[in-house]
Amino acid sequence: MASIKLSPSLQTLVKRTPLASRADADRVLKGDLEHGAQKYAKQALVDGGDSWKVFFALEGELGRGFDASVGGLPVTSCESLARWAFDNGRDDVAALAYQRLLESGAAASSARELADRFVQTVSDTQGPAAGTEARALVERALPAAVASRARSEVPTFHVRPAKDRSPHSYGGYDIAMPPCSACGEKLRLYFSFDVEAEPTLVSLVPSWAMFPLVGCGSCRAWMFRTEIQLDQETTAATIVRVYADPEALRAAAHSRTPTPVMPRANAALVLATDGGVEPTLGGDPHWRGNPQSVSCWTCHQPMVFVAAMATPVGFEPSVAITGWHDHFACDRCRTLTVIAQ
Ligand SMILES: [Zn+2]
Ligand SMILES: [Zn+2]
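Okay, here's the thing in structure tokens:
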């Protein structure tokens, strides 16, 4: 391995957005920049983009310009990169990544959200003729705006404390929870919703009796997409799969911040009037990946977005949740996929 002394600014950057695995982080700090660039490009797919900044700093240190860096990435990374770059004023990088994505033929319909900015950037930097060509490429390469947009017709609810006994609840112990794959603590039951009591739930997951919001309340295992299956009566849950290697799980388990015991409290669903970051049911997913790519590991059926966990409003004791934890569901085999955004 080539050992390069990291500049102080690069060291700061690497420490501010650390790799999930301690071993990988150490390797980067000792100068293995190639390894670091690879790992940060991977991590960017799950952390919503902070890792892209470190990726480009490492690539720059390795003497590669943006063209070479973007060209060396797997095409599956290009949508995430384009989003991050547009959001951070790097329209040139975004346009490069986006163009690669379109030309690969692997673009998902979610990439359409970025199409106008791409065409505008090309037009601004290369002239109107190039802009027209870019628009034609978009239309050829992107699947037509699809049925998934119709999902916004599903109403969005927030979850608030209820004074009276209610069919929905916060906390409690209605479901026997499995141990977290990373830290071994039992997963938390954050909320449970009575499906029959809410028509929106009946329309999304008719075969479920109860719909839970779950997750580890003790460590950073939430960073990894996790599939959890419930038994027929929704009284017990098991973890089917976690999309992380053992090393990454060990790293996630290192940052432990145990949450308080959560006795059962009554909860009510109220129609949402704003898009604040709080637990929601219905509406659209927050995850920026392609919702149509979420399919059940167990039975391969497409999954439907049902609800999202976030830091609850008004409930005691509260728990601090980072961002949104979207819950997708397979109605056929009662499997949940939880993805953080
Ligand atoms: Zn855990
Ligand atoms: Zn399934």
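In my numbering, the protein residues as written are 2 to 342.
Idealized CB from N, CA, C, for every residue including glycine.
Looking at the backbone, the Cα of residue 26 and that of residue 44 are separated by about 12 angstroms.
Residue 155 and residue 276 do not touch by the CB rule: their CB atoms are close to 15 angstroms apart, not below 8 angstroms. Within 10 angstroms of the beta-carbon of residue 213 lie 16 or more other beta-carbons, which makes it buried. Residue pairing of residue 339 in beta bridges, as defined by DSSP: 227, 328. A contact between stretches requires three or more CB pairs, one per stretch, nearer than 8 angstroms, and the segment 130-144 meets this requirement with the segment 101-109. Straight-line spacing of the CA atoms in residue 97 and residue 285 works out to 29 angstroms. Within the same chain, and ignoring the five residues on either side of residue 232 in sequence, no residue has its Cβ closer than 7 angstroms to its Cβ. Around the Cβ of residue 239, a 10 Å sphere holds fewer than 16 other Cβ atoms; the residue is exposed. Proximity of the beta carbon of residue 333 to ligand 2 is indicated: a heavy atom of the ligand is located closer than 8 angstroms. The three-state reading of DSSP puts residue 219 in coil, since its state is none of H, G, I, E or B. Apart from the 5 residues on each side of it in sequence, residue 34 sits with its Cβ closer than 7 angstroms to the Cβ of 5, 59, 62, 63 in its chain, given in chain order.
Sequence-distant Cβ neighbours of residue 92 in its own chain, meaning closer than 6 angstroms and more than five residues away, are 122. In this structure, ligand 2 has a non-hydrogen atom nearer than 8 angstroms to the beta-carbon of residue 336.
Residue pairing by DSSP places residue 63 in no beta bridge whatsoever.
Listed in chain order, the alpha helix (DSSP H) elements of length 4 or more contained wholly in the segment 152-197 amount to none. Taken atom to atom, the span from the alpha-carbon of residue 202 to that of residue 133 is near 44 angstroms. Annotated three-state conformation of residue 296 is strand, per DSSP.
Residue 21 has its CB no nearer than 8 angstroms to any heavy atom of ligand 1.
Per DSSP, residue 257 lies in no beta strand (DSSP E) and is assigned neither H nor E.
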